[in-house]
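So the sequence lines, in the order shown, correspond to chains B and U.
Quick note on numbering: our numbering labels position 91 of the first sequence as 91, and the sequence is numbered without any gaps.
Quick note on numbering: our numbering labels position 300 of the second sequence as 1300, and the sequence is numbered without any gaps.
Beta carbons: idealized from backbone N, C-alpha and C, even for Gly.
There are 2 protein chains.
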Amino acid sequence: MSLADDLAQLLTPDQVSQNPSVLDHHSRDESYHQPRRPDVVVFPQSTEDVARVLRYAQQHRVPVVPFGTGTALEGHVVPVRGGISLDMARMNRVQEIRPADFLVCAEPGVTRRQLNRELRPHGLFFPVDPGADASLGGMAATGASGTTTVRYGAMRDNVRKLEVVLAGGRVVEIGSLAAKSASGYHLTGLFIGSEGTLGVITKLWLRVYGVPEWTVAARAEFPDVDSAVRASTALIGAGVAVARLELVDEVYMAAVNRFKGTAYEEVPTLFLEFHGSRGAVEADIAVAREIATEEGCTRFTFVAEEAERNRLWEARHAALHALMAQYPGRRHMATDVCVPVSKLPEAIARARRRMRELGVCGGIVGHVGDGNYHVGLAVNPDDPDDMAKAEALNEAVVEHALALGGTCTGEHGVGLGKRRYQAREHGDALELMRAVKQLFDPLDILNPGKLVDPD
Amino acid sequence: MSLADDLAQLLTPDQVSQNPSVLDHHSRDESYHQPRRPDVVVFPQSTEDVARVLRYAQQHRVPVVPFGTGTALEGHVVPVRGGISLDMARMNRVQEIRPADFLVCAEPGVTRRQLNRELRPHGLFFPVDPGADASLGGMAATGASGTTTVRYGAMRDNVRKLEVVLAGGRVVEIGSLAAKSASGYHLTGLFIGSEGTLGVITKLWLRVYGVPEWTVAARAEFPDVDSAVRASTALIGAGVAVARLELVDEVYMAAVNRFKGTAYEEVPTLFLEFHGSRGAVEADIAVAREIATEEGCTRFTFVAEEAERNRLWEARHAALHALMAQYPGRRHMATDVCVPVSKLPEAIARARRRMRELGVCGGIVGHVGDGNYHVGLAVNPDDPDDMAKAEALNEAVVEHALALGGTCTGEHGVGLGKRRYQAREHGDALELMRAVKQLFDPLDILNPGKLVDPD
């Protein structure tokens, strides 16, 4: 019997597909990484389904690669050694919403927008926002973060508890529903960001938040990136609880104008958001405007009404697609380093210099409150010269970030693209990480070839 | 040669002690747990010293128990199998303060008050406050948290990077200086709360915060615990960024009055603190007062001036000593469960009922914003009947917390006292935790008999 037949028998035939377009869909993510088809795609509908597949995979030594929405940016879901792509899309129920505990229990295939739609009637929201409408399982597996991390933290800060299926099919629950715990080893934190290499997440208990009484979005224009970043740091230092703090550089602002037909000043722009009681937000806005002005802000505008806020944020959210629209047929590649905040102007300045030297075109967006920024490039994966330049840029950006004590990836994860930097970043600790992988997955069948697997 | 002679030769003679009072000091913490002397106390002065001791310990299979200030509450530092107590007090330098990065690098023997004294001239502070003037190494090792966790998180949220000496003496750095990272497995989170069982922390890079422009402390009196807790939950739900949110029950308030000669109303009282820009804090105070009043608050007072704030907080800080002062010669025992916030009134009500049934006397304080509360008891460890009652109470409190999806310890850690609940809390995940311990410390010489070690 074939692998697909075995799995169809183990589950049901409609849970297993070898349709070429389905295999293609599961061969890649949104990145420039080389696609590779899985042998078969399986759609589990329950934890028990996942356990069955992992038991089978262990017995037959078949690789298993969990798949959420395929929006990863470093090739995480590419089944580089074939095997089973385990698509979690049918496990998409929000199982419980507990408003009084600010808790929700969801299956891994629930996307963040779906979750927020279901939370809204309860006056709640889930803040982690990586941009894409990713699945919660994928967000936990990659340790996602995004625009609101400066205030609400990353996935690691907002996952209370996980149900995980281990290699071989054993199901365990890790973590607790309490807001904090000092009991046992912190396995939850270990699984978050493990990219499917230690186990498959089948259920998540997440911390959610009350929709703030008052929300204001603001834009601040600056003459240069340095002054914009200085303003950000001053704002954080003043203890203003800003909920979003994003930089979009002049290249991206120009791309947005062309893409959306808008007429923004094509200068480095901070996008901000403030959450809280109306009085507190208004006070914070006043402080933010004062600090921004001191650092050279030439224009500061803000809006409170929801439709206007969404319009204001459009420019930030459209940045990636605006850039890519200028280069049809190309693939997206983004650097993703994170550095100590004071080093951000220097890091960005060096990245821009290197971009000029290499003759690559791209823009910079940044979660500047966290010291995390992206150089976005449109690359042609079939042009070795183009790829070499892009990789040289990535290399330079990463090297500099590591020299500053930062990390090669703030939020996109390791996947395939950052494996080559793991030894440089982690030194001897990488050996420990490999030992952890060996402990949890001795046969190396859980998303093999990723994260701690050498290039 | 004896163990002490070997170690004196390995380091220097003044770094090794077998003085009986030194051995006694290292035989216990602030808890009721049975003391046990180490064979020898060693005072390393550098990472290299620690590495030497761990190499030696591995070769000779001698247990090593890291010791900070001895303020643990679950017997963490009791060397139950003898061996070396590794006192980190001489590694007490703040090595670097980076105000523009909100980062500090400190040795593990630095205490939190020392750190805050050194941060103050830079306009910075480190928020994690477990009450005791604990060492930073100990706070990281136990995953400490405290009164400010509701706003600033626990140790796990504020440690960026660690230098750790592993069993056998290998030195590794884990984590990065970046505010967030998606690179490699999250070993930092694993070491935080590992209680010296996976390695010895020899350096910490911590996130620090700008001293807020404006700070206001407040007290709110309530007719009963329920209404106080309801007010807390409503406050969090409204998105008010309260910096501290503490409950002190009427028993403790009465003890404080006797101890400090004060004349507080002896009713359940919330202690609150607000940090931010002046305008934002004033707005938050107004919202907090309104919410408290809606939930039945009978008196709400607040003060902004520092000396007055300290006076207001005295009652909360003095609570433990006030209780113990009523029972000279007794030892302190505290339950430490943490439950989903909405379950807190029910959990506290049941704990009080059980206290009455058992005839034990004690009070309740709680970090109510996190769902973490303590029943504080003064016990006589030499009276089996007294200890049996205290343990029966602890058992009942823990059982109920676990039934509610909570944890047996919110912040005190496992040490000796919570080992018996690890299997019930973690189920099959405990086996994974034991495998992790086995991986990092195959000879079981790093703080043996703690955390995942069966009772």
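How long is the line joining the alpha carbons of residue 178 (chain B) and residue 146 (chain B), rounded to whole angstroms? In the first sequence, residue 178 (chain B) corresponds to position 178, counting from 1. In the first sequence, residue 146 (chain B) corresponds to position 146, counting from 1. Approximately 24 angstroms, taken between the alpha carbons.
Neighbourhood of residue 1143 (chain U) by C-beta, 8 angstroms cutoff - its chain only, sequence neighbours within 5 removed: For this step, residue 1143 (chain U) is matched to residue 143 along the second sequence. For residue 1143 (chain U), where only same-chain residues beyond five positions count, the Cβ hits under 8 angstroms are 1154, 1155, 1156, 1192, 1193, 1411, 1413.
Amino acids of chain U, ordered along the chain, whose beta-carbon sits closer than 7 angstroms to that of residue 348 (chain B): Here residue 348 (chain B) refers to the residue found at position 348 of the first sequence. Chain order gives no chain U residues near residue 348 (chain B), where near means a beta carbon separation below 7 angstroms; the closest approach is about 15 angstroms.
How many Å lie between residue 124 (chain B) and residue 107 (chain B) at the Cα? Here residue 124 (chain B) corresponds to residue number 124 of the first sequence, with the count starting at 1. Here residue 107 (chain B) corresponds to residue number 107 of the first sequence, with the count starting at 1. The C-alpha of residue 124 (chain B) lies about 18 angstroms from the C-alpha of residue 107 (chain B).
Only counting the same chain, and skipping five residues up and downstream in sequence, which positions put a Cβ closer than 7 angstroms to that of residue 1207 (chain U)? Indexing the second sequence from 1 puts residue 1207 (chain U) at position 207. Taken in chain order, the residues that qualify are 1102, 1103, 1158, 1160.
Can you tell which of B:184, B:352, B:216 has the C-alpha that lies nearest to the C-alpha of residue 273 (chain B)? In the first sequence, residue 273 (chain B) corresponds to position 273, counting from 1. When B:184, B:352, B:216 are compared, the shortest CA-CA separation from residue 273 (chain B) is found for B:216.
Residue ranges of each alpha helix (DSSP H) run of no fewer than 4 residues wholly in the segment 1301 to 1356 of chain U, ordered along the chain? If we require 4 residues or more, the alpha helix (DSSP H) runs fully inside the segment 1301 to 1356 of chain U come out as 1306 to 1325.
Beta carbons nearer than 9 angstroms to chain B: which residues of the segment 1395 to 1422 of chain U have them? Listed by position, the residues of the segment 1395 to 1422 of chain U near chain B (Cβ gap below 9 angstroms) are 1401, 1402, 1404, 1405, 1406, 1407, 1408, 1409, 1410, 1411, 1412, 1413, 1414, 1418, 1421, 1422.
Separation of residue 1288 (chain U) from residue 1404 (chain U), as counted between CA atoms: In the second sequence, residue 1404 (chain U) corresponds to position 404, counting from 1. In the second sequence, residue 1288 (chain U) corresponds to position 288, counting from 1. Those two C-alpha atoms are separated by around 28 angstroms.
Buried or exposed, going by whether 16 or more other CB atoms sit within 10 Å of the CB of residue 1454 (chain U)? One-based indexing of the second sequence puts residue 1454 (chain U) at position 454. By the neighbour-count rule (16 or more Cβ atoms within 10 Å), residue 1454 (chain U) is not buried but exposed.
Check residue 68 (chain B) in the structure and name its three-state DSSP category. Position 68 of the first sequence, counting from 1, holds the residue named residue 68 (chain B). The answer is coil: DSSP assigns residue 68 (chain B) none of H, G, I, E or B.
Between which two residues does the alpha helix (DSSP H) harbouring residue 10 (chain B) extend? Taking the first sequence and counting its residues from 1, one reaches residue 10 (chain B) at position 10. Under the DSSP assignment, residue 10 (chain B) falls in the alpha helix (DSSP H) whose first and last residues are 3 to 10.
Where the alpha helix (DSSP H) containing residue 1025 (chain U) begins and where it ends: Translated into the one-based positions of the second sequence, residue 1025 (chain U) becomes position 25. According to the DSSP assignment, residue 1025 (chain U) belongs to the alpha helix (DSSP H) that extends over 1020 to 1025.
What do you get for residue 1447 (chain U), buried or exposed, if any count of 16 or more other CB atoms within 10 angstroms of its CB means buried? In the second sequence, the residue the question calls residue 1447 (chain U) occupies position 447. With at least 16 other beta carbons inside 10 angstroms of its own, residue 1447 (chain U) counts as buried.
With residue 1106 (chain U) as the anchor, note down where its beta strand (DSSP E) starts and where it stops. Locating residue 1106 (chain U) in the second sequence gives position 106, counting from the first residue. Unbroken beta strand (DSSP E) run through residue 1106 (chain U): 1103 to 1106.
Are the Cβ atoms of residue 229 (chain B) and residue 249 (chain B) separated by less than 8 angstroms? The residue labelled residue 229 (chain B) in the question sits at position 229 within the first sequence. The residue labelled residue 249 (chain B) in the question sits at position 249 within the first sequence. It is not a contact, given that the beta carbons lie outside the stated cut-off.
Can you check the segment 1362 to 1400 of chain U for any beta strand (DSSP E) of at least 3 residues that lies completely inside it and give the ranges in chain order? Qualifying beta strand (DSSP E) stretches, in chain order: 1362 to 1367, 1372 to 1379.
Mapping DSSP to helix, strand and coil, what is residue 1095 (chain U)? The count along the second sequence starts at 1 and reaches residue 1095 (chain U) at position 95. DSSP places residue 1095 (chain U) within a strand segment (E or B) once states are collapsed to three.
Cut-off 8 angstroms between Cβ atoms - residues of its own chain near residue 176 (chain B), not counting five sequence neighbours on either side: Along the first sequence, read from residue 1 onward, the residue named residue 176 (chain B) stands at position 176. Cβ contact annotation for residue 176 (chain B) (same chain, cutoff 8 angstroms, sequence separation greater than five): 160, 161, 183, in chain order.
Which of helix, strand or coil DSSP assigns to residue 133 (chain B): Reading the first sequence from its first residue, position 133 is the one you call residue 133 (chain B). Per DSSP, reduced to three states, the secondary structure at residue 133 (chain B) is coil, with no helix or strand assignment.
Residue 372 (chain B) at chain U interface by Cβ criterion, 8 angstroms: Taking the first residue of the first sequence as position 1, residue 372 (chain B) is located at position 372. Output row for residue 372 (chain B): interface = yes.
Contacts that residue 433 (chain B) makes with chain U (C-beta to C-beta distance below 8 angstroms): For the purposes of this step, residue 433 (chain B) is taken as residue 433 along the first sequence, with counting starting at 1. Listed along chain U are 1184, 1185, 1187, each with a C-beta nearer than 8 angstroms to that of residue 433 (chain B).
How long is the line joining the alpha carbons of residue 166 (chain B) and residue 200 (chain B), rounded to whole angstroms? Translated into the one-based positions of the first sequence, residue 166 (chain B) becomes position 166. Translated into the one-based positions of the first sequence, residue 200 (chain B) becomes position 200. Each residue's CA atom was taken as its position, placing residue 166 (chain B) and residue 200 (chain B) some 7 angstroms apart.
Residues, ordered as in the chain, of the segment 263 to 279 of chain B that lie near chain U by beta-carbon distance below 9 angstroms: Against chain U - using a Cβ distance shorter than 9 angstroms - the residues of the segment 263 to 279 of chain B are 275, 276, 277, 278, 279.
Whole runs of the beta strand (DSSP E) within the segment 1253 to 1278 of chain U, excluding any shorter than 3 residues: As far as the segment 1253 to 1278 of chain U is concerned, its whole beta strand (DSSP E) runs of at least 3 residues are 1269 to 1276.
Beta-carbon gap between residue 1271 (chain U) and residue 1313 (chain U) smaller than 8 angstroms: Taking the second sequence and counting its residues from 1, one reaches residue 1271 (chain U) at position 271. Taking the second sequence and counting its residues from 1, one reaches residue 1313 (chain U) at position 313. Contact: yes.
Kindly identify the DSSP beta-bridge partner or partners of residue 1087 (chain U). The count along the second sequence starts at 1 and reaches residue 1087 (chain U) at position 87. Partner(s): U:1067.
Would you mind working out which of U:1151, U:1189, U:1195, U:1174 sits nearest residue 1203 (chain U), comparing C-alpha positions? Here the question's residue 1203 (chain U) lines up with position 203 in the second sequence. Comparing C-alpha distances from residue 1203 (chain U) to each of U:1151, U:1189, U:1195, U:1174 shows the shortest one belongs to U:1174.
So, is the C-beta of residue 1327 (chain U) closer than 8 angstroms to a C-beta in chain B? For the purposes of this step, residue 1327 (chain U) is identified with residue 327 of the second sequence, where counting begins at 1. So no, residue 1327 (chain U) is outside the interface.
Report yes or no: is there a C-beta of chain U within less than 8 angstroms of the C-beta of residue 168 (chain B)? Walking along the first sequence from the start, residue 168 (chain B) turns up at place 168. For residue 168 (chain B), no Cβ of chain U is located within less than 8 angstroms of the residue's own Cβ.
For the beta strand (DSSP E) that contains residue 1220 (chain U), what are its first and last residues? Position 220 of the second sequence, counted from the first residue, corresponds to residue 1220 (chain U). For residue 1220 (chain U), the enclosing beta strand (DSSP E) has its first and last residue at 1214 to 1221.
Counting contacts by CB-CB distance shorter than 8 angstroms, is residue 29 (chain B) in contact with chain U? Here residue 29 (chain B) corresponds to residue number 29 of the first sequence, with the count starting at 1. False, the Cβ-Cβ gap to chain U never drops below 8 angstroms.
When you compare the segment 15 to 29 of chain B with the segment 72 to 82 of chain B, are there three or more beta-carbon pairs, one atom per stretch, that lie closer than 8 angstroms? Taking 8 angstroms as the limit for Cβ pairs, the verdict is that the segment 72 to 82 of chain B does touch the segment 15 to 29 of chain B.
Express the C-alpha separation of residue 84 (chain B) and residue 34 (chain B) in angstroms, rounding to a whole number. To locate residue 34 (chain B), count along the first sequence from 1; it is residue 34. To locate residue 84 (chain B), count along the first sequence from 1; it is residue 84. Roughly 18 angstroms separates the two Cα atoms.
Proximity below 8 angstroms, CB of residue 1428 (chain U) to CB of residue 436 (chain B): For this step, residue 1428 (chain U) is matched to residue 428 along the second sequence. For this step, residue 436 (chain B) is matched to residue 436 along the first sequence. Not a contact, by the Cβ cut-off of 8 angstroms.
Own chain residues within Cβ distance below 6 angstroms of residue 1375 (chain U), not counting five before or after: Within the second sequence, residue 1375 (chain U) is the residue found at index 375, counting from 1. Taking C-beta separations shorter than 6 angstroms and ignoring five residues to either side along the sequence, the partners of residue 1375 (chain U) in its chain run 1335, 1351, 1362, 1364, following chain order.
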